[in-house]
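Engineer: I am attaching a structure below and will ask some questions about it afterwards.
Numbering (the UniProt record's numbering), first residue to last: 1 to 446.
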């Protein structure tokens, strides 16, 4: 966590701190609190995001060792409050142990937050990586039991030398996608909190229907234990009845196995009766009050962006230009760290084409430029944006440098690179960099 000073807070002291959100964790006892701690330090990344690191999942004979606390319960508590859950698999140790399986099952209700990372993928070659990826997807499909394919990021998330660097490009792209996903979490945090609030409200409403139905089915005098056992064993039928009569999706009901375990220790006769006024209040809140909150989210997001920026910055999230940043030396980033203008390297045939278009006073008209640009077979929407990027002085004509720049941009577009919203400063022709017109168009020296 972010703080003005560096330090470590032990678990027992942490749950007594009213300024932190960890007080409910005291219910897991000293077995957990003795292993729980909070590290804090002054760090720009931690100003917008907090990381929770869990212990490794046990496998093999180690699974028989008692952790001393409800590990799955702790994982569930954090999962319900987290914005993103990352499941980390090592490419050379892909086995999913029984404990890991239980953890994944606990996370099912938060599957929209889950991202899968296949780490240390550099330790195997391309052929093995393909097999490992397929095996991982197959194993996850059986556990998650969902038709949607889980998003898996493949990479090597350590600072050691790559063992097999054949897939370096893939690893960098996957790392960039993962960091981009994490960096935007603070700006979208309010929307996710509202989404969780709505989900919990629906779950509370369904829970009230289930509890009241079980109370109503209980006999008043004899056979209470037998009836309780019957209701628990046939809880799926209870769900179906409530789903039909109350028009509630079966997906809104709590996990049936965990509900059955919880009901075993309760006396159904003590359950409260259904209060229609409270149900109506929840329905009105979901239909009207939540809609007002949704309308306020853009303003909340703007306030967060104004305070912390549009995304997390600093550390591994720092995308400032260096020769080792993402896409450095590729596409529109090529030539950023060179002294010479990168376009000069390719312009010889374009200069010959420019002379064939009969320039007047060193410039060709927009119509003449159009006749050349359409030969690329790029759509007009792309050619329009290329023209906007290349016509530096906005006079509707192109001189030799601007024409070469347009041809260079078309070349990159044909190679599959996306057009930037504005022209990078290093691509501005040297003859245009000092002009006031270029400055007015937003091309600034870096």
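In this text, a Cβ means the ideal position worked out from N, Cα and C, and glycines have one as well.
Report back the beta-carbon spacing between residue 264 and residue 232 to the nearest angstrom; my notes put them in contact at under 8 Å.
Structural biologist: The residue you call residue 264 lines up with position 264 of the chain shown. The residue you call residue 232 lines up with position 232 of the chain shown. Going by Cβ atoms, the distance from residue 264 to residue 232 rounds to 7 Å, so yes, they are a contact pair.
Engineer: Just mark residue 167 as buried or exposed, buried being the case when its beta carbon has 16 or more other beta carbons within 10 Å.
Structural biologist: On the chain shown, position 167 is the one that residue 167 refers to. Residue 167 should be labelled buried.
Engineer: Relative to the C-alpha of residue 131, which candidate in 94, 396 and 104 has its C-alpha closest?
Structural biologist: As a position in the chain shown, residue 131 is number 131, starting the count at 1. Ranking 94, 396 and 104 by Cα distance to residue 131 puts 94 first.
Engineer: Ordered along the chain, which non-local residues of its own chain (more than five positions away) have a Cβ less than 6 Å from that of residue 368?
Structural biologist: What you label residue 368 is simply residue 368 of the chain shown in a count that begins at 1. Counting only Cβ-Cβ distances below 6 Å, and skipping sequence neighbours, we find 357.
Engineer: Any idea what DSSP makes of residue 104, helix, strand or coil?
Structural biologist: For the purposes of this step, residue 104 is taken as the residue at position 104 of the chain shown. Helix.
Engineer: Which of the three DSSP states, helix, strand or coil, is assigned to residue 7?
Structural biologist: By 1-based counting over the chain shown, the position of residue 7 is 7. Note: residue 7 maps to strand in three-state DSSP.
Engineer: Answer yes or no: do residue 412 and residue 332 have a C-beta to C-beta separation smaller than 8 Å?
Structural biologist: The sequence position of residue 412 within the chain shown is 412, counting from 1. The sequence position of residue 332 within the chain shown is 332, counting from 1. Yes, Cβ-Cβ distance for residue 412 and residue 332 is below 8 Å.
Engineer: Can you look up residue 417 in the DSSP assignment and give me helix, strand or coil?
Structural biologist: For the purposes of this step, residue 417 is identified with residue 417 of the chain shown, where counting begins at 1. Three-state result, residue 417: coil.
Engineer: Is it a yes or a no for the segment 172-189 touching the segment 239-250, going by three-plus beta-carbon pairs under 8 Å?
Structural biologist: Counting Cβ pairs under 8 Å, fewer than three are found: no touch.
Engineer: Give the DSSP-derived three-state secondary structure of residue 93 in the structure shown.
Structural biologist: Within the chain shown, the letter at position 93 stands for residue 93. Strand, per DSSP.
Engineer: Does DSSP classify residue 460 as helix, strand or coil?
Structural biologist: An answer regarding residue 460 cannot be provided, because it is not within the stretch 1 to 446 covered by the chain.
Engineer: Rounding to the nearest angstrom, what Cα-Cα distance links residue 205 and residue 279 in this structure?
Structural biologist: As a position in the chain shown, residue 205 is number 205, starting the count at 1. As a position in the chain shown, residue 279 is number 279, starting the count at 1. Roughly 7 Å separates the two Cα atoms.
Engineer: Could you tell me the boundaries of the beta strand (DSSP E) in which residue 521 lies?
Structural biologist: Here the chain covers residues 1 to 446 and nothing more, so residue 521 does not appear.
Engineer: In this structure, what does DSSP give as the bridge partners for residue 37?
Structural biologist: Here residue 37 corresponds to residue number 37 of the chain shown, with the count starting at 1. Beta-bridge pairing links residue 37 to 10.
Engineer: Would you please state the rounded distance, in angstroms, between the beta carbons of residue 124 and residue 171? I believe it to be under 8 Å.
Structural biologist: If you number the chain shown from 1, residue 124 lands on position 124. If you number the chain shown from 1, residue 171 lands on position 171. About 12 Å separates the two Cβ atoms, so there is no contact after all.
Engineer: Excluding five sequence neighbours on each side, which residues of the same chain lie with their C-beta closer than 7 Å to the C-beta of residue 399?
Structural biologist: Here residue 399 refers to the residue found at position 399 of the chain shown. Result list for residue 399: 362 and 363, in chain order.
Engineer: Any chance you could list the alpha helix (DSSP H) runs of at least 4 consecutive residues sitting entirely within the segment 330-414, in chain order?
Structural biologist: Counting only runs of 4 or more, we get 348-356, 366-373, 380-390 and 400-414.
Engineer: Near residue 354, which residues of its chain fall below 6 Å by C-beta distance, leaving aside the five closest residues on each side in sequence?
Structural biologist: For the purposes of this step, residue 354 is taken as residue 354 along the chain shown, with counting starting at 1. If we look at residue 354 and ignore the five residues flanking it on each side, its Cβ neighbours are 400 and 403.
Engineer: Report yes if the C-beta distance between residue 211 and residue 286 is below 8 Å; otherwise report no.
Structural biologist: Here the question's residue 211 lines up with position 211 in the chain shown. Here the question's residue 286 lines up with position 286 in the chain shown. Result no, Cβ atoms of residue 211 and residue 286 do not sit closer than 8 Å.
Engineer: I'd like to know whether the C-beta atoms of residue 88 and residue 106 end up nearer to each other than 8 Å.
Structural biologist: As a first step, residue 88 is located in the chain shown; it is residue number 88 there, counting from the start. As a first step, residue 106 is located in the chain shown; it is residue number 106 there, counting from the start. Not a contact, by the Cβ cut-off of 8 Å.
Engineer: Let's see if you can read the secondary structure: which residues bound the alpha helix (DSSP H) around residue 69?
Structural biologist: Taking the first residue of the chain shown as 1, we reach residue 69 at position 69. That residue, residue 69, is in no alpha helix (DSSP H); it is neither H nor E in DSSP.
Engineer: Rounded to whole angstroms, what's the CA-CA distance from residue 7 to residue 229? Just pull it up for me.
Structural biologist: As a first step, residue 7 must be located in the chain shown, where it is residue number 7. As a first step, residue 229 must be located in the chain shown, where it is residue number 229. Each residue's alpha carbon lies about 52 Å from the other.
Engineer: To the nearest whole angstrom, what separates the beta carbons of residue 215 and residue 273, a pair I think is in contact under 8 Å?
Structural biologist: If you number the chain shown from 1, residue 215 lands on position 215. If you number the chain shown from 1, residue 273 lands on position 273. Indeed, because the Cβ distance is near 6 Å, the residues count as touching under 8 Å.
Engineer: What are the partner residues of residue 152, as DSSP defines its beta bridges?
Structural biologist: Here the question's residue 152 lines up with position 152 in the chain shown. 116, per the DSSP bridge assignment.
Engineer: What does a CB cutoff of less than 8 Å around residue 297 pick up in its chain, not counting 5 residues either side in sequence?
Structural biologist: By one-based count along the chain shown, residue 297 stands at place 297. For residue 297, where only same-chain residues beyond five positions count, the Cβ hits under 8 Å are 190, 191 and 194.
Engineer: Provide the residue span of the alpha helix (DSSP H) that contains residue 212, from first to last.
Structural biologist: As a working mapping, residue 212 is identified with position 212 in the chain shown. Element bounds for residue 212: 189-217.
Engineer: Quick check on the burial criterion: 16 or more other C-beta atoms within 10 angstroms. Buried or exposed for residue 51?
Structural biologist: On the chain shown, residue 51 is found 51 positions in, with the first residue counted as 1. Exposed.
Engineer: Contact check, residue 44 vs residue 69 under 8 Å by CB: the rounded distance?
Structural biologist: Here residue 44 corresponds to residue number 44 of the chain shown, with the count starting at 1. Here residue 69 corresponds to residue number 69 of the chain shown, with the count starting at 1. About 34 Å separates the two Cβ atoms, so there is no contact after all.
Engineer: Helix, strand or coil for residue 221? Go by DSSP, reduced to three states.
Structural biologist: Here the question's residue 221 lines up with position 221 in the chain shown. Residue 221: coil per DSSP, three-state reduction.
Engineer: Which of the three DSSP states, helix, strand or coil, is assigned to residue 2?
Structural biologist: The residue labelled residue 2 in the question sits at position 2 within the chain shown. Correct three-state label for residue 2: strand.
Engineer: Please report how far the alpha carbon of residue 36 lies from the alpha carbon of residue 13, in whole angstroms.
Structural biologist: Reading the chain shown from its first residue, position 36 is the one you call residue 36. Reading the chain shown from its first residue, position 13 is the one you call residue 13. If you take the alpha carbons of residue 36 and residue 13, they lie about 10 Å apart.
Engineer: Compute the distance between the beta-carbons of residue 157 and residue 175, then report whether it is under 8 Å.
Structural biologist: Start at 1 with the first residue of the chain shown, and residue 157 comes out as number 157. Start at 1 with the first residue of the chain shown, and residue 175 comes out as number 175. Yes.
Engineer: Would you kindly work out how many angstroms separate the C-alpha atoms of residue 119 and residue 154, rounded to a whole number?
Structural biologist: For the purposes of this step, residue 119 is identified with residue 119 of the chain shown, where counting begins at 1. For the purposes of this step, residue 154 is identified with residue 154 of the chain shown, where counting begins at 1. The straight-line gap from Cα to Cα measures roughly 6 Å.
Engineer: Can you tell me whether DSSP reads residue 182 as helix, strand or coil?
Structural biologist: What you label residue 182 is simply residue 182 of the chain shown in a count that begins at 1. DSSP places residue 182 in helix when its eight states are reduced to three.
Engineer: Using three-state DSSP, classify residue 440 as helix, strand or coil.
Structural biologist: Within the chain shown, residue 440 is the residue found at index 440, counting from 1. In this prediction, residue 440 scores a pLDDT of 48, lower than 50, which makes its location untrustworthy; the coordinate-derived value is nonetheless stated afterwards. Helix.
Engineer: Please list, in chain order, all residues of the same chain as residue 372 whose beta carbon is under 7 Å from its beta carbon, the five residues on each side excluded.
Structural biologist: One-based indexing of the chain shown puts residue 372 at position 372. The answer, listed in chain order, is 353 and 357.
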